[in-house]
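A.B. asks:
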């Protein structure tokens with residue numbers, strides 16, 4: 007299916023590996039012009055066919071410079087994918103260090119403000135503009151022992167819905183993507199941390215997590231990328247302000 011994304015100008019944060027890389031590669035496979043940023047130099051070294059830069063998305067000045075340079079190099083912007091995020095600390099709220107809270111919100115939530123504020127003028131000039139913000143199922147159901155992460159991801163949904171209302175009259179749509187249990191090293195690290203906290207095996211923690219999922223398999227990064235392609239394409243032109251779960255019908259994050 008031709009989604010009409012050839013020449014589409016896209017920026018993906020944290021796009022050198024994991025979900026971000028899958029999204030960036032998917033856009034590139036459709037003929038889009040893609041620029042990614044990341045903090046992982048080793049992952050950035052593996053990026054081919056796309057412009058790539060080392061950027062800490064929590065650094066507002068660095069983000070502003072990156073966005074300006076990228077938009078100028080691509081001759082505009084059609085889609086901003088705010089994918090950057092960190093897992094944050096695992097533990098009871100009384101045990102979480104304030105720095106852990108601050109860092110999680112800075113990367114998972116404030117970074118999306120940092121990029122979006124720099125993208126709006128360029129997006130207004132696009133004939134098919136969209137913002138895709140990665141949230142999480144934790145932003146819909148909460149997540150015990152992961153309060154900084156859940157708080158940030160709930161914030162992403164509020165930010166997204168506000169953008170949809172504010173920018174819709176300018177032809178810019180905004181949607182949030184809420185992955186559930188995603189295959190990959192990051193999800194494994196989260197489950198391992200929780201296993202250690204609870205004093206149980208990884209397999210027990212994994213089984214507990216899937217006990218609340220109707221489709222008992224991990225979501226793949228490619229499935230998330232496929233949803234992003236549709237939302238960024240003209241076929242998704244009337245979808246905005248939505249929090250779209252890609253989670254196998256997860257009712258609770260255990």
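In my numbering, the protein residues as written are 7 to 260. Ideal Cβ positions, reconstructed from N, Cα and C, are used throughout, including at glycine.
1) Using DSSP with H/G/I as helix, E/B as strand and the rest coil, what is residue 63?
2) Cα-Cα, which of 93, 238 and 75 is closest to residue 196?
3) Do residue 77 and residue 128 have their beta-carbon atoms positioned less than 7 Å apart in this structure?
4) Could you tell me the alpha carbon to alpha carbon distance between residue 18 and residue 126, rounded to whole angstroms?
5) Ends of the alpha helix (DSSP H) at residue 201?
6) Which of helix, strand or coil does DSSP assign to residue 252?
7) So what does DSSP say about residue 69, is it helix, strand or coil?
8) Which residues does DSSP list as the beta-bridge partners of residue 219?
9) Within this structure, are the beta carbons of residue 218 and residue 159 separated by less than 7 Å?
10) Here's the rule: buried if 16 or more other CB atoms are within 10 angstroms of the residue's CB, otherwise exposed. What is residue 212?
11) Since residue 153 contacts residue 99 with CB under 8 Å, what's their CB separation in whole angstroms?
12) Whole angstroms is fine: what's the gap from residue 59's alpha carbon to residue 39's?
C.D. replies: This is what the structure holds:
1) coil
2) 93
3) yes
4) 15 Å
5) 191-204
6) strand
7) helix
8) 256
9) no
10) buried
11) 5 Å
12) 15 Å
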